[in-house]
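For the record, in the sequence shown the residue sitting at position 62 is 76 according to our numbering, with numbers rising by one throughout.
Even glycine gets a Cβ: it sits at the ideal position worked out from N, Cα and C.
This report concerns only the one structure given below.
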Amino acid sequence: MAKYSVFHINPLFFATLFLLFHGNLASKFRKKNSIGLEEWGYVQVRPKAHMFWWHYKSPYRVDNPNKPWPIILWLQGGPGASGTGIGNFQEVGPLDTNLNPRNSTWLKKADLLFVDNPVGTGYSFVEDDKLVVKSDEEAGDDLTSLLKGLFNKNVELQKSPLYIVAESYGGKFAVTLGLAAHKAILSGQLKLKLGGIALGDSWISPEDFVFSWGPLLKDVSRLDDDGFQQANSLAEQIKQQLKKGQYENATNTWSTLENALGSTTNSVDFYNFLLDSSMDPLTTTTTTNVVLSKKLTFGRYSKYLSSLRSLPAGNGESLGTLMAGPIRKKLKIIPQNVTWGGQSDLVFQALESDFMKPRVAEVDELLSKGVDITIYNGQERP
């Protein structure tokens, strides 16, 4: 009787095999077209941890030795939101979600470098779930490894100052990256010029955010006196937990606060306070059944990220469909088993203990080292 051997193959084996054939450190593709020169690829920032990047060289570039053309590194929020998808096609990249030229693209002022950060976000991936980052510092270290892989052997890139621009939770990654990169530059391990950092509506001081919610919602008549007192009481509890270094407990209380505000404000939309969650096209999949549990809050955020992937794009398709279809086909290098945003829930959950940790001290430290920092804010937080 014939004997048959059964082999159980880990699907991520194919991803590893792909990277081995295309260069383990910085495999990339290059394409020149009407929006300039594009390059994209992977950098293995740690063993079995692969970060996807996408660089646009601007067609508006002006060569001036007295004013070098800058590069903007865009860091998306979340944690777990994709820079190469959301930041690129929905915000500042050369093409919109219909793949039409964007008149307001930031390419008119700088080259753009989008990344899917931390690993596990967007098209970045880890071969073992345990390898997702557990802290903002780890994310900063991974980003520094990415920059080493891209800049250290590219003299042309080294001529341009790098500006780190972040929104929402990405601001925490921006400051930890700023410190790690500054240290690596001084030691000669990273060859680039750090031009500065811009923090947009950044989650660098969660305590200030939670104390602002009650007064703001009361001022716009979304919250009554009882709801206002409850919100301030929970914010005060968070303040004491942060003071004691009880960051995971603070995350739990933040969850309770968000759910409490949802129940007392007719489910106010946390991403646009002028709307209810059910009115906002970004959050139409969000449940309005309020349960005081961290699981629901994390689930709501997960659904929010999913709703971003479901926004209408070209021909009425979602952004996720766009990224998984025409964009994936164009990129050519995405491992077969990797899906865009497939590990984003892991990213968010792994940072639970760091989620409420403030990063104001890191901003002060960067300023003391002479790094220029700009802070900007707006009504809506992506």
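Pull up the distance between the alpha-carbon of residue i and that of residue j, whole angstroms please.
{"i": "V304", "j": "N273", "result": "Confidence at V304 is low in this model, with a pLDDT of 29, below 50, so its placement is unreliable and the value that follows should be read with caution. Cα-Cα distance, rounded: 6 Å."}
{"i": "K197", "j": "V282", "result": "42 Å"}
{"i": "L162", "j": "V59", "result": "This sequence places Lys at residue 162; Leu is not what is there. Cα to Cα, K162 sits roughly 9 Å from V59."}
{"i": "L275", "j": "A245", "result": "7 Å"}
{"i": "L176", "j": "L121", "result": "14 Å"}
{"i": "W67", "j": "K148", "result": "21 Å"}
{"i": "L289", "j": "A95", "result": "22 Å"}
{"i": "W268", "j": "L256", "result": "11 Å"}
{"i": "F287", "j": "L231", "result": "8 Å"}
{"i": "F128", "j": "W354", "result": "15 Å"}
{"i": "F284", "j": "V224", "result": "12 Å"}
{"i": "G228", "j": "T278", "result": "11 Å"}
{"i": "G97", "j": "F103", "result": "9 Å"}
{"i": "I100", "j": "P108", "result": "12 Å"}
{"i": "I252", "j": "K173", "result": "45 Å"}
With a threshold of 6 Å on Cβ separation, who are the neighbours of residue i within its own chain once the five nearest residues in sequence on each side are excluded?
{"i": "Y315", "result": "Residue placement at Y315 is flagged as unreliable, the pLDDT there being 49, under the threshold of 50; a coordinate-derived value is accordingly withheld."}
{"i": "Y183", "result": "G91, G92, P93, W217"}
In the DSSP output, what is residue i paired with across the bridge?
{"i": "M65", "result": "V57"}
{"i": "A212", "result": "V179, T388"}
{"i": "D290", "result": "V282"}
{"i": "P115", "result": "L109"}
In or out: residue i buried (at least 16 other Cβ within 10 Å) or exposed?
{"i": "E170", "result": "exposed"}
{"i": "Q243", "result": "exposed"}
{"i": "K258", "result": "exposed"}
{"i": "Q357", "result": "buried"}
{"i": "D238", "result": "exposed"}
{"i": "T388", "result": "exposed"}
{"i": "A264", "result": "buried"}
{"i": "L381", "result": "exposed"}
Give every residue of the same chain whose Cβ lies closer than 8 Å to the Cβ of residue i, excluding the five residues on either side of it in the sequence, and list them in chain order.
{"i": "L204", "result": "T158, L161, K162, F165, N166, A195, A198"}
{"i": "V179", "result": "I86, L87, W88, L89, A188, I211, A212, G214"}
Taking only beta-carbon atoms, is residue i less than 8 Å away from chain D?
{"i": "L230", "result": "No chain D is present in this structure, which holds just one protein chain."}
Considering only residues of the same chain and omitting the five flanking positions on each side of residue i, which have a CB-CB separation below 7 Å?
{"i": "H64", "result": "L33, Y56, Q58, V133, S138, F139"}
{"i": "E262", "result": "E366, S367"}
{"i": "G209", "result": "P84, P175, L176, Y177"}
Enumerated in chain order, which unbroken segments of the beta strand (DSSP E) with a length of 3 residues or greater are wholly contained in the segment 118-198?
125-129, 175-181
Along the chain, which unbroken stretches of the alpha helix (DSSP H) at least 4 residues long are found entirely within the segment 70-104?
none
May I have a chain-ordered list of the alpha helix (DSSP H) segments no shorter than 4 residues that lie completely inside the segment 342-388?
342-345, 358-364, 374-382
Give the list of continuous alpha helix (DSSP H) stretches no shorter than 4 residues that lie fully inside the segment 204-255.
220-233
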